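J.: Residue numbers (full-length UniProt numbering): 1 to 163.
(1) Note the first and the last residue of the continuous alpha helix (DSSP H) segment covering residue 13.
(2) Which of helix, strand or coil does DSSP assign to residue 130?
(3) If contacts are defined as beta-carbon pairs under 8 Å, then residue 81 and residue 100 qualify, I think. What distance do you get, rounded to the angstrom?
(4) With a cut-off of 8 Å, do at least 3 Cβ pairs link the segment 35-48 to the segment 82-96?
(5) Can you look up residue 117 in the DSSP assignment and give me helix, strand or coil?
(6) Taking all protein chains shown into account, decide if residue 164 is buried (16 or more other Cβ within 10 angstroms of its Cβ) or exposed.
(7) Identify, in the order they occur along the chain, each residue of the same chain with its Cβ nearer than 7 Å to the Cβ of residue 119, setting aside the five sequence neighbours on each side.
(8) Mind checking residue 31: buried by the 16 CB within 10 Å criterion, or exposed?
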């Protein structure tokens with residue numbers, strides 16, 4: 001995994017540089033610089049808008065009592081897209097804009113789900129209980145813990161004696 005990441009951090013910038021140089025050769029250096037600048041500005045505007053929308057959907061899901069799984073995934077992909085769009089380059093911009101479009105995020109989400117299906121296990125915990133099965137100290141799975149304030153309260157006053 002380390003070598004794959006290392007290769008990506010070396011190869012992607014080299015490919016980006018090559019593509020930018022080719023674009024500058026075909027058009028001009030000024031136009032290439034303008035394209036990089038405009039995609040960065042446009043990307044930051046779109047990322048902000050999509051981020052606000054994702055945050056709104058997250059809060060709505062929480063208010064409705066739903067697990068905001070898709071909303072969290074969208075937020076993570078939007079943050080990643082913003083980082084890609086702030087990086088100068090054509091490949092990173094293409095991937096970044098793909099992640100900013102809701103249909104693109106859905107496509108990536110389905111790809112990741114197919115890729116990692118069966119390799120991840122989820123366990124749901126509910127408030128007041130643990131996973132199905134006995135709790136950590138052998139109590140029944142969904143039994144409420146015993147409250148200590150059910151006992152009689154003894155009122156006392158402490159006296160400090162000095163010798």
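Idealized CB from N, CA, C, for every residue including glycine.
Values in this document were obtained by computation on a predicted structure and should not be read as measured data.
T.: On the basis of the coordinates in this document:
(1) Going by DSSP, residue 13 is part of the alpha helix (DSSP H) stretching over 2-26.
(2) Low per-residue confidence applies at residue 130: pLDDT is 49, beneath 50, and the placement is therefore not dependable enough to give any value.
(3) 5 Å
(4) yes
(5) coil
(6) With the chain running from 1 to 163 in the structure shown, residue 164 is simply not present.
(7) Apart from sequence neighbours up to five positions away, no residue of its chain approaches residue 119 with a beta-carbon distance below 7 Å.
(8) exposed
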